[in-house]
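Reading the sequence shown from the start, the letters are residues 4 to 164 in the working numbering. Note that the Cβ used here is the ideal one computed from N, Cα and C, for glycine as well. The model shown is predicted, which means the values in this text are computed figures rather than measured ones. Written out below as structure tokens is the structure these notes cover.
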Amino acid sequence: MKTVAILTLLLSLLSFDPAVVESANNGSVSFINPLNDKAVVLSNFGMRTHPILRTQKMHKGIDFKVSEGDKVYASEKGIVLFAGEKEKFGNFIMVKHSDGFVTRYAHLGRIDKELSNGSKVEKGQLLGLAGKSGQTTGPVLHFEILLDGEPQDPLKYLPHD
Ligand SMILES: [Zn+2]
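The structure is reproduced here in structure tokens:
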């Protein structure tokens, strides 16, 4: 079956379908859900009324429903750019991936003590535990995917049914 899939892909590439070429170029980076595939999204990417400030603000990521202590995993392999406290984000981790992608994880209860700036992480490696640090109304995982510094809708990249 795998051989057939590869042959099909090669044949598609030969016909220069732009959509297929694009997905082939992005093939080296793929993301998993940082909690689990059944994680509930509380707040989507995009403009919204800020839950605390009550003004219209751009939400640069998505908020997942969590219980304090839920495990948070690296969505893809990469290098830790930042792991520590960062103002409204509370305990915050930022990971750089290949192809210009960065993922950001905010409001953690605890950061894995092995992690520091420059640490290498594997896809699915434990980053820390969910919580409610920083500016939030309750336990939540705020998760962002950036491409070349621009926030993307994470749901476009995460696996779904
Ligand atoms: Zn958020």
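Q.
I'd like the span of the beta strand (DSSP E) that includes SER156, first residue to last.
A. It is worth fixing the name first, because residue 156 is Asp in this sequence and not Ser. Per DSSP, ASP156 lies in no beta strand (DSSP E) and is assigned neither H nor E.
(Q) Distance check for VAL83 and GLN155, CA to CA, integer angstroms please. (A) Using only the alpha carbons, I get a separation of about 19 Å.
Q) Is there at least one non-hydrogen atom of ligand 1 closer than 7 Å to the beta-carbon of GLY127? A) Because no heavy atom of ligand 1 lies under 7 Å away, the Cβ of GLY127 does not count as near it: no.
Q: Throw me the rounded Cβ distance for the GLN138 and ILE65 pair, which I believe falls under 8 Å.
A: That belief does not hold up - the Cβ atoms of GLN138 and ILE65 are roughly 16 Å apart, past 8 Å.
(Q) Measuring only from the beta carbon, is SER70 closer than 7 Å to any heavy atom that is part of ligand 1? (A) False, no ligand heavy atom lies under 7 Å from that Cβ.
(Q) With distance defined between alpha-carbon atoms, name the residue in ASP115, LYS135, VAL105 and THR140 nearest to TYR160. (A) Of the residues ASP115, LYS135, VAL105 and THR140, the one whose Cα lies closest to the Cα of TYR160 is VAL105.
Q) From PHE48 to PHE92, what does the alpha carbon distance come to, in whole angstroms? A) CA-CA distance, PHE48 to PHE92, rounds to 16 Å.
Q. Is any heavy atom in ligand 1 found nearer than 7 Å to the beta carbon of ASP156?
A. At a threshold of 7 Å, ASP156 does not count as near ligand 1, since its beta carbon sits no closer than that to any of the ligand's heavy atoms.
Q.
Using only CA atoms, which one of PHE67, PHE34, LYS74 and GLY121 lies nearest to LEU132?
A. When each option's Cα is compared against that of LEU132, the closest is LYS74.
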